[in-house]
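Protein chains: 2
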Amino acid sequence: MEDKRQESIQKLNDLIKDVKVAMLTTIDWGILRSRPMQTQEFDFDGDLWFFTSSETHKTEEIEKDRRVNVSYAAPDSNTYVSVTGTAEIVNDRAKIEELWNPIYKAWFPDGLEDPNLILLKVAVEQAEYWDSPSSTLVQVAGFVKAIVTGERADGGENRKISL
Amino acid sequence: MEDKRQESIQKLNDLIKDVKVAMLTTIDWGILRSRPMQTQEFDFDGDLWFFTSSETHKTEEIEKDRRVNVSYAAPDSNTYVSVTGTAEIVNDRAKIEELWNPIYKAWFPDGLEDPNLILLKVAVEQAEYWDSPSSTLVQVAGFVKAIVTGERADGGENRKISL
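Sequence lines, in order, name chains A and B.
Throughout the first sequence, residue numbering follows our numbering, covering 9 to 171 in sequence.
Throughout the second sequence, residue numbering follows our numbering, covering 9 to 171 in sequence.
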């Protein structure tokens with residue numbers, strides 16, 4: 009079980025590590041909104057981490073509804089990944105300093121001096137990807153591979169796809 | 009009002025016309041899932057149209073919950089678009105034939121002969137985009153531009169961003 013989890017984590021890490029921007033979809037007053045997020049510079053270990061600002065609207069949305077989707081689109085390699093998870097705002101200076109990388113200055117010019125700099129953590133519950141170079145919508149169903157890296161929190165087990 | 013709607017439609021068309029694959033996020037038993045969709049080859053007129061197969065799982069999801077998000081990510085031009093809308097499955101042969109383009113054969117090899125070929129229509133209610141080359145998360149809020157091309161169906165007016 010633990011081996012399978014590690015294998016899934018490694019696979020998802022391989023898929024997303026070169027995608028620099030992901031789209032984060034949240035539920036906002038009943039509608040779905042997405043926005044670009046700079047992806048992490050370190051290996052994925054089961055949780056996705058994003059730097060964000062406490063002044064953005066999405067932090068409010070996540071406080072109201074923690075269910076999110078993170079999609080990674082890499083048209084050049086025809087790789088598309090859907091990650092389903094539960095988001096959480098983490099305002100922990102030690103963790104912020106641990107994960108900080110100067111590359112994030114492109115998005116946060118003040119870096120660690122920015123008092124609004126916080127982390128958004130997404131605990132990954134399910135992931136699917138499409139990586140066939142000639143992937144067609146008809147084939148997609150057959151190509152869907154699911155990576156389950158944790159237990160679903162909402163009891164919707166009937167839709168859980170397991171390796 | 010009609011002029012503004014036309015202007016918004018034109019702007020959104022300009023933003024998305026070169027993005028070949030979008031990610032469609034749906035609500036599936038309470039969780040958010042996304043998948044790649046080949047985008048339309050014709051101009052956007054207020055509704056987004058996608059070819060799909062009646063045998064895919066997303067058609068069931070949309071029948072249960074019509075709220076969707078369509079995200080367009082174009083890393084090369086650093087353009088990211090979020091479209092919020094209401095989806096509908098359209099199984100209308102005349103419309104299918106009208107919108108069909110041989111380029112879709114890459115995804116649907118049997119083309120118009122495929123009995124499962126159907127359309128997914130997304131009535132666009134709201135769109136936001138980020139197109140600054142040096143777009144940062146801090147700046148993003150200021151750069152958000154909203155394109156409202158229709159009325160919201162769920163009454164969540166307090167979050168509606170209007171031009």
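In this text, a Cβ means the ideal position worked out from N, Cα and C, and glycines have one as well.
Return the CA-CA distance between residue i and residue j, expressed in angstroms with no decimal places.
i: residue 86(A); j: residue 138(A); result: 8 Å
i: residue 130(B); j: residue 106(A); result: 42 Å
i: residue 75(B); j: residue 74(A); result: 17 Å
i: residue 63(A); j: residue 31(B); result: 27 Å
i: residue 39(B); j: residue 21(A); result: 22 Å
i: residue 126(B); j: residue 124(A); result: 47 Å
i: residue 68(A); j: residue 100(B); result: 41 Å
i: residue 93(B); j: residue 108(A); result: 36 Å
i: residue 133(A); j: residue 80(A); result: 16 Å
i: residue 111(A); j: residue 58(A); result: 13 Å
i: residue 118(A); j: residue 60(A); result: 12 Å
i: residue 122(A); j: residue 116(A); result: 8 Å
i: residue 147(A); j: residue 114(A); result: Low confidence applies here, because residue 147(A) scores a pLDDT of 28, under 50, leaving its location unreliable; read the following figure in that light. Straight-line Cα distance between these residues: approximately 39 Å.
i: residue 15(B); j: residue 15(A); result: 49 Å
i: residue 13(B); j: residue 19(A); result: 44 Å
i: residue 11(B); j: residue 54(B); result: 13 Å
i: residue 135(A); j: residue 56(A); result: 12 Å
i: residue 72(A); j: residue 120(A); result: 27 Å
i: residue 26(A); j: residue 88(B); result: 17 Å
i: residue 65(B); j: residue 65(A); result: 31 Å
i: residue 36(B); j: residue 36(A); result: 16 Å
i: residue 104(A); j: residue 104(B); result: 51 Å
If you measure from the beta carbon of residue i to each beta carbon in chain A, is any gap under 8 Å?
i: residue 119(B); result: no
i: residue 76(B); result: yes
i: residue 13(B); result: no
i: residue 79(B); result: yes
i: residue 39(B); result: yes
Assuming the contact rule is C-beta atoms closer than 8 Å, residue i and residue j should be a hit. Round their C-beta distance to whole Å, please.
i: residue 50(A); j: residue 17(A); result: Contact flag wrong, Cβ pair sits at about 13 Å.
i: residue 42(B); j: residue 34(A); result: With a Cβ gap of about 12 Å, residue 42(B) and residue 34(A) do not count as contacting.
i: residue 29(A); j: residue 44(B); result: 16 Å between Cβ atoms; not a contact.
i: residue 91(B); j: residue 78(B); result: 4 Å
i: residue 24(B); j: residue 47(B); result: 7 Å
i: residue 128(A); j: residue 102(A); result: Going by Cβ atoms, the distance from residue 128(A) to residue 102(A) rounds to 17 Å, so no, they are not a contact pair.
Of all the CB atoms in chain B, is at least one closer than 8 Å to the CB of residue i?
i: residue 24(A); result: no
i: residue 95(A); result: no
i: residue 83(A); result: yes
i: residue 90(A); result: yes
i: residue 33(A); result: yes
i: residue 107(A); result: no
i: residue 70(A); result: no
i: residue 28(A); result: yes
Any heavy atom of the ligand FAD inside 7 Å of the beta-carbon of residue i?
i: residue 56(A); result: The ligand FAD is absent from the structure shown, which contains no ligand whatsoever.
Scan the region 43 to 61 of chain A for residues whose Cβ lies nearer than 8 Å to a Cβ of chain B and list them as they occur along the chain.
Answer set for the region 43 to 61 of chain A: 43, 44, 45, 46, 59, 60, 61.
Write down every uninterrupted run of the alpha helix (DSSP H) in the region 26 to 89 of chain A whose length is 4 residues or greater and which is fully enclosed by it, in chain order.
Counting only runs of at least 4 residues, the region 26 to 89 of chain A fully encloses the following alpha helix (DSSP H) elements, listed from N- to C-terminal order: 65 to 72.
Please go through the region 95 to 140 of chain B and give each complete alpha helix (DSSP H) segment of 4 or more residues, from N-terminal end onward.
Qualifying alpha helix (DSSP H) stretches, in chain order: 101 to 107.
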